[in-house]
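> Handing you this structure, nothing more for now.
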Amino acid sequence: MTSQALPDDFAPMPLTVQDQLWLDMDRPNNLMVIDSLIWLAQSPDWDAIRATIQERMVDRYPVFRCRPEHIRGRTHWARDPQFRLSRHVRKAGLRGPVDEERVREYVSGERSKPFASATCVTPSAPRAGPPPRWANSPPAPSPRWPPSPATRSVPSTS
């Protein structure tokens with residue numbers, strides 16, 4: 081799967097103040113990474129997920145195909161000639177029964193890595209125990225892709 085090419089006249093764009101702030105705060109000991117988790121009742125169609133990310137994010141917003149570059153004393157979003165969605169979205173499997181604690185451990189381990197990819201986790205065995213409860217959401221969220229704005233992706237700590 082490849083993204084549509086950026087227009088030939090695509091010029092590097094200066095980072096917004098917010099993007100520059102995040103970039104400035106990103107350090108090896110302070111990774112500016114956002115993690116989210118969507119717990120589904122069954123394994124989704126991974127090709128459909130990748131196609132949806134491609135269509136609704138990568139193709140729609142050129143900045144997702146760019147990287148920060150320092151140009152004339154200022155940081156800009158510049159075309160990434162090496163961009164491939166497959167380098168950023170990957171599927172990983174967890175062996176054995178998967179419960180909320182194992183998923184939290186996995187996500188916690190991913191948080192210590194610099195932002196470079198999204199990981200879709202799938203168990204190799206049935207989920208152990210009931211599905212987790214999610215903060216600010218109904219007890220049994222219905223699985224759907226893409227998630228609605230009302231769907232939360234942060235596990236409850238209670």
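Residue numbering for the sequence shown is 81 to 238, as defined by the numbering used here. Even for Gly, the Cβ is constructed at its ideal location relative to N, Cα and C. Every value quoted in this text rests on a predicted model; they were computed, and no experiment measured them.
Could you tell me whether the stretch 156-165 touches the stretch 175-185, using the rule of 3 or more Cβ pairs below 8 Å?
No: the two stretches stay apart, fewer than three of their Cβ pairs being nearer than 8 Å.
> Look at the Cβ atom of Pro92, then the Cβ atom of His156, and state whether they are nearer than 8 Å.
Working through the sequence shown from its first residue, we reach residue 92 at position 12. Working through the sequence shown from its first residue, we reach residue 156 at position 76. The answer is yes: Cβ separation under 8 Å.
> Could you tell me if Leu111 is buried or exposed, where buried requires 16 or more neighbouring beta carbons within 10 angstroms of its beta carbon?
As a working mapping, residue 111 is identified with position 31 in the sequence shown. That one is exposed.
> By the DSSP assignment, the alpha helix (DSSP H) with Val97 in it spans what residues?
Start at 1 with the first residue of the sequence shown, and residue 97 comes out as number 17. Segment 97-105, the alpha helix (DSSP H) holding Val97.
> Could you have a look at Asn108 and say whether DSSP puts it in helix, strand or coil?
Locating residue 108 in the sequence shown gives position 28, counting from the first residue. Note that residue 108 is Pro in the sequence shown here, rather than Asn. Three-state DSSP puts Pro108 in coil, outside helix and strand.
> Could you say which of Ile114, Gln98, Met105 lies nearest to Lys193 if we only look at CA atoms?
Within the sequence shown, numbered from 1, the residue matching residue 193 stands at position 113. Nearest C-alpha to Lys193: Ile114.
> Would Leu95 pass as a contact of Pro142 if the rule is Cβ separation under 8 Å?
Residue numbering aside, residue 95 sits at position 15 when the sequence shown is read from its first letter. Residue numbering aside, residue 142 sits at position 62 when the sequence shown is read from its first letter. Not closer than 8 Å, so no.
> If you follow the beta strand (DSSP E) that Arg147 is in, where does it begin and where does it stop?
Reading the sequence shown from its first residue, position 67 is the one you call residue 147. Element bounds for Arg147: 146-151.
> Using the C-alpha atoms, what's the distance from Val97 back to Leu103?
Along the sequence shown, read from residue 1 onward, the residue named residue 103 stands at position 23. Along the sequence shown, read from residue 1 onward, the residue named residue 97 stands at position 17. Their backbone Cα atoms lie some 10 Å apart in a straight line.
> Kindly provide the ranges of any beta strand (DSSP E) runs that are 3 or more residues long and lie completely inside the stretch 163-198, ordered along the chain.
Complete beta strand (DSSP E) runs here, min 3: 169-174.
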